[in-house]
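Trainee:
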Amino acid sequence: MNKIVQRFFYFLTLIVFLSILSSCGSRKSIVYLQPDSTAINTIYEQFIPKIQSSDILAISISAADIKATLPFNQQNAYQLNAATGNDFAFKPTYTVDENGMIDFPVLGKIKLSGLTRVEAVEEIRQRLKKYILDPGVNISFSNFKVTVLGEVTRPGTYPLQNERVTLLEALGLAGDLTIKGKRDNILLIREINGKKTMNRIDLTKQDALNSPFYYLAQNDVIYVEPNGSQVRNSNLGQNTNVWISVSSLIITIIAVIVSSRN
């Protein structure tokens, strides 16, 4: 009987050991942006979204002479925005066509695709100088949104007011990844030059900050895959206490039986 007790003791020790290993492995697969020897003092690249076809731009013109700006600020666009409850009410909106152009009052067709928001502001401002003294131009994306799917707390589509949004910030809006989310293989679907591209990012590595997909572009789709091994590790950790309790009870019973027989 003593041998049986010893075997159960070894079994219990093995359970505890596996639990510790499981815990260590799980932490490594969960922690974001873990440093490595090549990441020290790195200057991370910054991505700036560029205007592309189908973007909806809210554009308003200002100047000291308000009357001079009236032809460039369409009244019907104001009314349309106010009626639809658009967040960019009181700013005329323009859709970038398949050729990358908008049809702007007085100025006509202007190609904006491929430009950043700041570059587009300067492009329109230079054209306006013919008609307005010291014009001001304000441009914002009225359809800048990202969609987060998969193993996150709150999957959905999120409109963004700021064009400088990171992947981590978007995941934060979605309530972060669940324990089952695969952090080392995030899928980001992005449209580039009219074509959908599939891109992978390992958020457990600090070098993810250098990825051209760490900063988001308009209409990006983020998908978090379930991590099968993580689920098993999580279940093992949750069940460890149960196994220890059951094993301890069995060992105690056997020990009592052995003692009574002696």
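Sequential numbering from 9 applies to the sequence shown in my numbering. Using N, Cα and C, we set each Cβ at its ideal position, and we do this for glycine too. None of these values were measured; they are calculated from a predicted model.
Apply the 10 Å Cβ neighbour rule to P167 and answer buried if 16 or more other Cβ atoms are within range, or exposed otherwise.
Mentor: Answer is exposed; the Cβ neighbour count stays below 16.
Trainee: Nearest by alpha-carbon distance to K204: which of D228, P220, A72 is it?
Mentor: Considering only alpha carbons, the answer is D228.
Trainee: List the residues that DSSP assigns as beta-bridge partners of D111.
Mentor: Answer is K117, bridged to D111.
Trainee: Do D184 and T161 have their beta-carbon atoms positioned less than 8 Å apart in this structure?
Mentor: In this structure, D184 lies closer than 8 Å to T161 by Cβ.
Trainee: What residues in its chain sit with their C-beta under 6 Å from that of I56, if we drop five residues either side in the sequence?
Mentor: Once the five neighbours on either side are set aside, the close Cβ partners of I56 are T124.
Trainee: According to DSSP, is S148 helix, strand or coil?
Mentor: In the structure shown, S148 sits in a strand (DSSP, three-state: E or B).
Trainee: Check each candidate in R133, D63, V154, G202 and name the one with the smallest Cα separation from Y223.
Mentor: It is V154 whose Cα lies nearest to the Cα of Y223.
Trainee: Using the three-state DSSP reduction, which class does I56 fall into: helix, strand or coil?
Mentor: Reduced to three states, the DSSP call for I56 is coil.
Trainee: Roughly how many whole angstroms lie between the Cα atoms of P43 and I147?
Mentor: Straight-line Cα distance between these residues: approximately 38 Å.
Trainee: Give the DSSP-derived three-state secondary structure of I194 in the structure shown.
Mentor: Strand.
Trainee: With 16 other CB atoms within 10 Å as the buried threshold, where does V104 fall?
Mentor: So V104 ends up on the buried side.
Trainee: Identify the residues that DSSP records as bridge partners of R208: which are they?
Mentor: In the DSSP output, where bridge partners are listed per residue, R208 has L195.
Trainee: Quick check on this structure: which residue in Y102, L120, I74 has the alpha carbon closest to the alpha carbon of K58?
Mentor: Closest option to K58, Cα to Cα, is L120.
Trainee: In the structure shown, what three-state DSSP assignment does A66 receive?
Mentor: Residue state, collapsed to three classes: strand.
Trainee: Considering just the uninterrupted stretch of the alpha helix (DSSP H) at K75, what are its terminal residues?
Mentor: Element bounds for K75: 74-77.
Trainee: If you measure between the beta carbons of L157 and I230, is that distance less than 8 Å?
Mentor: For L157 and I230, yes; Cβs fall inside 8 Å.
Trainee: Rounded to whole angstroms, what is the Cα-Cα separation between G189 and D63?
Mentor: Using only the alpha carbons, I get a separation of about 31 Å.
Trainee: Verify whether the separation of the beta carbon atoms of R198 and A225 is less than 8 Å.
Mentor: A contact, by the Cβ cut-off of 8 Å.
Trainee: Would you mind stating whether E131 and I118 have Cβ atoms separated by less than 8 Å?
Mentor: Cβ atoms of E131 and I118: closer than 8 Å.
Trainee: Leaving aside the five residues before and after L65 along the sequence, list all residues of the same chain whose C-beta is less than 6 Å from its C-beta, in chain order.
Mentor: Closer than 6 Å at Cβ, skipping near neighbours: Y102, I147.
Trainee: Output the residue ranges of the beta strand (DSSP E) runs that lie fully inside the segment 123-185 and measure 3 residues or longer, sorted by chain position.
Mentor: If we require 3 residues or more, the beta strand (DSSP E) runs fully inside the segment 123-185 come out as 144-149, 153-158, 164-167.
Trainee: Rounded to the nearest angstrom, what separates M206 and L196 at their Cα positions?
Mentor: So the alpha carbons of these two residues sit roughly 6 Å apart.
Trainee: In angstroms, rounded to a whole number, what distance separates the CA positions of F80 and G108?
Mentor: Near 20 Å, if we compare the C-alpha coordinates of G108 and F80.
Trainee: Using CA atoms only, rank isn't needed, just tell me which of I187, A216, P163 is closest to T174.
Mentor: For the residues I187, A216, P163, the minimum Cα distance to T174 belongs to A216.
Trainee: Please report the straight-line C-alpha distance between L115 and Q169, rounded to a whole angstrom.
Mentor: So the two alpha carbons sit approximately 27 Å from each other.
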